[in-house]
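Participant: Going by numbering that gives the first Met the number 0, the letters in the sequence shown line up with residues 0 to 470, in that order.
Ideal Cβ positions, reconstructed from N, Cα and C, are used throughout, including at glycine.
Remember, it's a predicted structure, so these values are computed and weren't measured experimentally.
After the structure tokens below, expect a handful of questions from me.
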Amino acid sequence: MKKANAETQKEAYEKQYHRMTQEPVGRLVRELSLPTIISMLVTNIYNMGDTFFVSQINTSASAATGVVFGLMAILQAFGFMFGHGSGTNISRKLGQRDLKGAKNFSACGFYLALLTGALIGVLGLIFLDPLMLLLGSTKTILPYARIYGAYILIAGPAMTLGCVMNNILRYEGLAFFGMIGLTSGGILNLFGDAFLINVCHMGIAGAGLSTAVTQYLSCVILIIPFLRGKTQSSFRWKYFTWKPAIVKKVIFNGTPSLMRNLLNALSTMLINHLAGGYGDAAVSAISIVNRIAFFLNCVTIGLGQGLQPIAAYNYGARIYSRLKKAYWYVWRLSTALLVVLAVLAFLFADQVVGFFRNDPEVIEIGGTMMRYIAISMPFMAMSVFGDMIFQSIGQAAKATLLASLRRGVFLISFAYLLTAIFGIAGLEWAQSIAEMSASAIAFPMTLHFLHTLPKDKVTEVPVENTEKKSE
Numbered sequence: 000m001k002k003a004n005a006e007t008q009k010e011a012y013e014k015q016y017h018r019m020t021q022e023p024v025g026r027l028v029r030e031l032s033l034p035t036i037i038s039m040l041v042t043n044i045y046n047m048g049d050t051f052f053v054s055q056i057n058t059s060a061s062a063a064t065g066v067v068f069g070l071m072a073i074l075q076a077f078g079f080m081f082g083h084g085s086g087t088n089i090s091r092k093l094g095q096r097d098l099k100g101a102k103n104f105s106a107c108g109f110y111l112a113l114l115t116g117a118l119i120g121v122l123g124l125i126f127l128d129p130l131m132l133l134l135g136s137t138k139t140i141l142p143y144a145r146i147y148g149a150y151i152l153i154a155g156p157a158m159t160l161g162c163v164m165n166n167i168l169r170y171e172g173l174a175f176f177g178m179i180g181l182t183s184g185g186i187l188n189l190f191g192d193a194f195l196i197n198v199c200h201m202g203i204a205g206a207g208l209s210t211a212v213t214q215y216l217s218c219v220i221l222i223i224p225f226l227r228g229k230t231q232s233s234f235r236w237k238y239f240t241w242k243p244a245i246v247k248k249v250i251f252n253g254t255p256s257l258m259r260n261l262l263n264a265l266s267t268m269l270i271n272h273l274a275g276g277y278g279d280a281a282v283s284a285i286s287i288v289n290r291i292a293f294f295l296n297c298v299t300i301g302l303g304q305g306l307q308p309i310a311a312y313n314y315g316a317r318i319y320s321r322l323k324k325a326y327w328y329v330w331r332l333s334t335a336l337l338v339v340l341a342v343l344a345f346l347f348a349d350q351v352v353g354f355f356r357n358d359p360e361v362i363e364i365g366g367t368m369m370r371y372i373a374i375s376m377p378f379m380a381m382s383v384f385g386d387m388i389f390q391s392i393g394q395a396a397k398a399t400l401l402a403s404l405r406r407g408v409f410l411i412s413f414a415y416l417l418t419a420i421f422g423i424a425g426l427e428w429a430q431s432i433a434e435m436s437a438s439a440i441a442f443p444m445t446l447h448f449l450h451t452l453p454k455d456k457v458t459e460v461p462v463e464n465t466e467k468k469s470e
């Protein structure tokens, strides 16, 4: 029986190896990107669902979702760190035909994420009020942020594990299974919000409870492919190791994701603090616009995440020409789509913001900010794909630098500087200027990397010889 299972896994591996290294690049990008894009769209729809349903309560409750969004970004930062950190190594190991090494990295990422999510959840609940204030809550927002934040902290382990499992599935080229897990949770959360808030009249507690429950349900769905042997990765305890070489590579290669998401949380927190000086309407407007902008950018991020396993797999297999073809394909497609979305966002900014909160002050601030963000959207592919491709091939230092510039150094610096000079108008401009500044650095770095890639150096290694002791 064991021999038959081993043969079946070997056949599945060879089929997937052929697909990742020989299938036409355009078709492979579409196959890997589409499930990820759908997952992200549905996930953001249910995030905006929380914003929509909670916004019907009052402006302070609406602002609370923006405050707690920073907490969710922190949890996701560690989830993505362990997910991308293990996933990039898994993909390269599979490209090198090292199956044992892939299993070591998957188990390491899974258990480190579980431990981290639980630790953040416990510490956050103990220091709940100080944490909400640190994230940018005002005294009027705090009662709502405290309730919503408690449920998010309870869901902490599920959030970190969900990120890990989804990313491992993507890096194995099995994004479809990740899509099923994430979209199921997202759809259930929308129904949960409507039922608990509108029918059970639980208010913001209903939104929090719905999110927590559906995060755990999503986790259960995501783990099924691993338990059924559909993956080369494994979460069996025997593959977990504390070996410094394994743990270090997971953390090192996941650092760009950690920085990207932690700086996103930090910038959100600081912008909430800056906006708080102009009232709850400003915090609510920025919260709504950030959700809308992230939703519009889902296609670009999804295409980038479809690019990552192709880049990592073929870099490991030393088929560099496919990496270059994949990059230019996603860049052209993403830029064209972003131009269309940017025009729509610019023209209908007030109407979209008003859909979430029919408050004249919220619409005025949010609509203006949305139009500035729309201007910078066509540049997004330049900055996003830069740090993604460097992370995929293991050049974490460059990826971390680029991730830090976009959502950290530039955004925080411009937000403080422009707000100090121009007031709320400066805060409305900051994200757009930061995006274009990051692109001006990321794109030349990426072009230089692609230009210096060597010619293909394919070496066939029998998969039977790869169940070896990994470093």
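What does the Cβ neighbour count give for S320, buried or exposed, with the cut at 16 atoms within 10 Å?
Facilitator: Label assigned to S320: exposed.
Participant: Which residue comes first and which comes last in the alpha helix (DSSP H) that contains R169?
Facilitator: G155 to Y170
Participant: With hydrogens ignored, establish whether the beta-carbon of F413 is closer than 8 Å to any heavy atom of the ligand SAM.
Facilitator: The model on display carries no ligand, and the ligand SAM is accordingly not part of it.
Participant: Could you give the C-beta distance for T87 and Q390, rounded to a whole number, given that I count them as a contact under 8 Å?
Facilitator: 6 Å
Participant: Kindly indicate the opening and closing residues of the alpha helix (DSSP H) around E363.
Facilitator: P359 to S375
Participant: Taking the CB atoms as reference points, tell me whether I388 and L306 lie closer together than 9 Å.
Facilitator: yes
Participant: Keeping to the same chain, check which residues put their C-beta closer than 6 Å to that of A402; ignore five residues upstream and five downstream.
Facilitator: P255, M258, R259 and D386
Participant: Cutting at 8 Å between CB atoms, please list the residues of its own chain near H450, excluding the five before and the five after it.
Facilitator: none
Participant: Out of curiosity, what's the CA-to-CA distance linking S54 and I223?
Facilitator: The C-alpha of S54 lies about 35 Å from the C-alpha of I223.
Participant: Taking C-alpha atoms, which residue in L40, Q304 and R18 lies nearest to W330?
Facilitator: Q304
Participant: Which class does E22 belong to by DSSP, given the choice of helix, strand or coil?
Facilitator: coil
Participant: Cα separation between K454 and I287?
Facilitator: 47 Å
Participant: Any chance you could list the alpha helix (DSSP H) runs of at least 4 consecutive residues sitting entirely within the region 374 to 456, in chain order?
Facilitator: 379 to 391, 395 to 403, 409 to 421 and 423 to 451
Participant: Could you tell me whether the region 199 to 211 touches the region 223 to 242, where touching means 3 or more Cβ pairs closer than 8 Å?
Facilitator: no
Participant: In three-state terms, what does DSSP make of Y238?
Facilitator: helix
Participant: Write down the C-beta distance between G161 and C218 rounded to the nearest angstrom, noting that I regard them as a contact closer than 8 Å.
Facilitator: 5 Å
Participant: Using DSSP with H/G/I as helix, E/B as strand and the rest coil, what is M201?
Facilitator: Three-state DSSP puts M201 in coil, outside helix and strand.
Participant: Which term fits F234, buried or exposed, when burial requires 16 or more other beta carbons within 10 angstroms of its beta carbon?
Facilitator: buried
Participant: Which one of A72, L295, M201 and L221 has the shortest CA to CA distance from N263?
Facilitator: Answer by Cα proximity: A72.
Participant: Out of curiosity, what's the CA-to-CA distance linking F77 and T267?
Facilitator: 17 Å
Participant: Helix or strand or just coil, what does DSSP make of L347?
Facilitator: Rather than Leu, the amino acid found at residue 347 in this sequence is Phe. Here F347 sits in coil by DSSP.
Participant: Does the separation of the CB atoms of G425 and T418 fall below 9 Å?
Facilitator: yes
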